[in-house]
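Using my numbering, the letters of the sequence shown map in sequence onto residues 269 to 570.
So the structure is just underneath, and the comments pick up after that.
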Amino acid sequence: MIYSLRHHKTVVDNKMIELKKVVVISLFTRQSYLRYFDVVKIKEIDRKMDEHVTVLNFDQIYRQQRFLQNPQYDWLNLDEIPHTNLLCEKDSLLEINEKIKPSIQHNKITLLGSGNYHYVAYLLLAKIEQPFTLVLFDHHTDMYPSPSESLISCGSWVRTALKALPQLNKVIMIGVGEDWSLHIPESIREKVVAFSENDIRNNFRGVIHQIQQKVETENVYLSIDKDVLNMDESVTAWDHGSMTLNQLTQMVNGLRKDYIVRGIDICGEYPLSPATMYQKQTRDILKKNELANQQIIEQSIG
269 MIYSLRHHKT VVDNKMIELK KVVVISLFTR QSYLRYFDVV KIKEIDRKMD
319 EHVTVLNFDQ IYRQQRFLQN PQYDWLNLDE IPHTNLLCEK DSLLEINEKI
369 KPSIQHNKIT LLGSGNYHYV AYLLLAKIEQ PFTLVLFDHH TDMYPSPSES
419 LISCGSWVRT ALKALPQLNK VIMIGVGEDW SLHIPESIRE KVVAFSENDI
469 RNNFRGVIHQ IQQKVETENV YLSIDKDVLN MDESVTAWDH GSMTLNQLTQ
519 MVNGLRKDYI VRGIDICGEY PLSPATMYQK QTRDILKKNE LANQQIIEQS
569 IG
């Protein structure tokens, strides 16, 4: 990202503040465009939110990832909350919300664990007060109907968010399967844009350019399920896409530089059991997922 800064002054809340007219030559989009930013304010947002990462411990999976065991990572133990795997009851969701509230006010990145807990992203979106765009990196739409009004699931949370959160302007899905449109109800279709697995494979640079055109808000939220990646670079409990880790981190880094990122979540860990956790195949998978998490986090806060 290359910036050319020009100064001017304006009055906000009866105070004279200096704004900078930013001419951005975006290496992410290879497109020049003009924006007005309160640069100091944006940097302050980033500084406050970049210092720590929240780790949600639902099932002890992250205990196996050594780099997460240092003070930069704020651990929240949620493994004693009942009825949270795949489907989450309302009372359990409220309990999760109360436990994560202090941490997510300051931490930009939240690690959710297995994709079975991706619905926690709904709680993170609900905290955003400004109009924003959800950029979802996922091989699935997570747009299925909820099995009950009293439940939210890892497969329904995006639909719930679009219907319940007025500040959510649009969802941009990246890396979804080719049948994605079958899962989008007509009532919310105008708020959904999708770039499929084949779109990424066949025209990656073109997709990058189109994402820039489709985001209509200054604020974005990034939600990442590692099942969007090919299985050489990450392994989850779900069917996978074919995106490379390099493609994913390029897009994350570009969005972070071009927009105000209000939060990022990462999920898609491989489930463990006492019977398999010491097998070589399982240990190789854990190492692969740990490396993917490290690279995504580095691009998200670097």
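Ideal placement from N, C-alpha and C gives every residue a C-beta, glycine not left out.
- DSSP assignment within the segment 408 to 432 yields the following whole beta strand (DSSP E) runs of 3 residues or more, N-terminal first: 419 to 421.
- When secondary structure is reduced to three states using DSSP, residue 561 falls in the helix class.
- Each of 358, 462, 416 and 388 was checked against the Cα of residue 408, and the nearest Cα belongs to 462.
- In the three-state scheme derived from DSSP, where H, G and I count as helix and E and B as strand, residue 556 is classed as helix.
- Contact annotation: residue 379 and residue 553 have beta-carbon atoms that are not nearer than 7 Å.
- Between the segment 409 to 420 and the segment 368 to 377 there are fewer than three inter-stretch CB-CB distances shorter than 8 Å, so the stretches are not counted as touching.
- Going by beta carbons, residue 537 and residue 329 fall inside the 7 Å limit.
- Counting only runs of 3+ residues, the beta strand (DSSP E) found wholly inside the segment 422 to 496 occupies 436 to 444, 460 to 464 and 487 to 493, in chain order.
- Between residue 523 and residue 529, the alpha-carbon positions lie close to 8 Å from each other.
- Going by DSSP, residue 364 is part of the alpha helix (DSSP H) stretching over 358 to 372.
- By a beta-carbon distance limit of 8 Å, residue 496 does not contact residue 519. Their separation comes to about 10 Å.
- Assigned with DSSP and collapsed to three states, residue 391 falls in helix.
- The C-beta separation of residue 402 from residue 436 comes to about 6 Å, placing the pair in contact by the 8 Å criterion.
- The DSSP-derived three-state label of residue 342 is strand.
- Residue 532 and residue 568 have their C-alpha atoms some 8 Å from each other.
- Shown here, residue 323 sits in a strand according to DSSP, grouped into three states.
- Taking the C-beta atoms as reference points, residue 560 is found no nearer than 7 Å to residue 539.
- Nearest to residue 424 by C-alpha distance, out of 383, 485 and 443, is 383.
- For residue 418, the closest of 369, 359 and 440 by C-alpha to C-alpha distance is 359.
- For residue 511, the three-state secondary structure derived from DSSP is strand.
- 7 Å or more divides the Cβ of residue 406 from the Cβ of residue 342.
- Here DSSP, grouped into helix, strand and coil, assigns residue 504 to coil.
- Counting the other CB atoms within 10 Å of its CB gives residue 464 a total of 16 or more, which places it among the buried residues.
- In the structure shown, residue 532 adopts extended strand secondary structure according to DSSP, grouped into three states.
- Looking from the CA of residue 503, the closest CA among 349, 381, 335 and 483 belongs to 381.
- The beta carbon of residue 390 sits closer than 7 Å to the beta carbons of 420, 425, 428 and 429 from its chain, once the five residues preceding and following it are set aside; these are given in chain order.
- By the Cβ neighbour-count rule, residue 335 is exposed, with fewer than 16 other Cβ atoms within 10 Å of its own.
- The shortest C-alpha to C-alpha distance from residue 480 to any of 387, 440, 549 and 544 is the one to 440.
- Counting other Cβ atoms within 10 Å of its Cβ, residue 466 stays below 16 and is therefore classed as exposed.
- Spanning the alpha carbons of residue 345 and residue 394 requires a straight line of approximately 21 Å.
- Here residue 509 has 407, 443, 465 and 496 as same chain residues with Cβ atoms under 6 Å from its own Cβ, once five neighbours each way along the sequence are excluded.
- Taking a 10 Å sphere around the C-beta of residue 548, we find fewer than 16 other C-beta atoms and assign the residue as exposed.
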